[in-house]
Amino acid sequence: MNSTVKTVVFWLVIVFSAFLLWQVMKAGSAGQKDKEVNFSQFLTDVDQGNVKEVTITAQEVRGKYRNDNSSFHTTARRTIPT
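Using our numbering, you'd call the opening residue of the sequence shown number 2 and step up by one each time.
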């Protein structure tokens, strides 16, 4: 195999690898999207039984809706102790 062919194959492998990496990164970021809802809407959805699961970390609330399994997130309001 002469050096020109080796160089072309090398650059084709580099370009193909970069394309694959870009596709993986694009797919990874698309999977992380979830709907942002305000806290009042979140409470309404809970009262109506539309929420399937919830994870609360500090003030961040993340969960999934029951009907379509879509994800959402909101920020819990701080309550002032009385």
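Where is the CB? At the ideal position from N, CA and C, for every residue including glycine.
Would you kindly work out how many angstroms separate the C-alpha atoms of residue i and residue j, rounded to a whole number?
i	j	result
Lys34	Met2	48 Å
Phe20	Gln49	45 Å
Thr8	Lys27	29 Å
Identify, in the order they occur along the chain, each residue of the same chain with its Cβ nearer than 6 Å to the Cβ of residue i, setting aside the five sequence neighbours on each side.
i	result
Thr75	Val38, Phe40, Phe43 and Val62
Trp23	none
Ile15	none
Excluding five sequence neighbours on each side, which residues of the same chain lie with their C-beta closer than 8 Å to the C-beta of residue i?
i	result
Lys53	Gly64, Lys65, Tyr66, Arg67 and Asn70
Lys36	Ser71, Ser72, Phe73 and His74
Considering only the alpha carbon of each residue, which of the options lies closest to residue i?
i	options	result
Gln60	Arg79, Asp46 and Phe17	Arg79
Glu46	Thr8, Trp23 and Phe73	The question names Glu, yet the displayed sequence has Asp at residue 46. It is Phe73.
Ile57	Leu13, Asn51, Ala77 and Ser18	Ala77
When the cut-off is 8 Å and only beta carbons count, does residue i lie next to chain D?
i	result
Tyr66	In summary, chain D is missing from the structure at hand, where a single protein chain is found.
> Can you list the alpha helix (DSSP H) stretches of 4 or more residues lying completely in the region 27 to 81, in chain order?
Replying inline: As far as the region 27 to 81 is concerned, its whole alpha helix (DSSP H) runs of at least 4 residues are 40 to 48.
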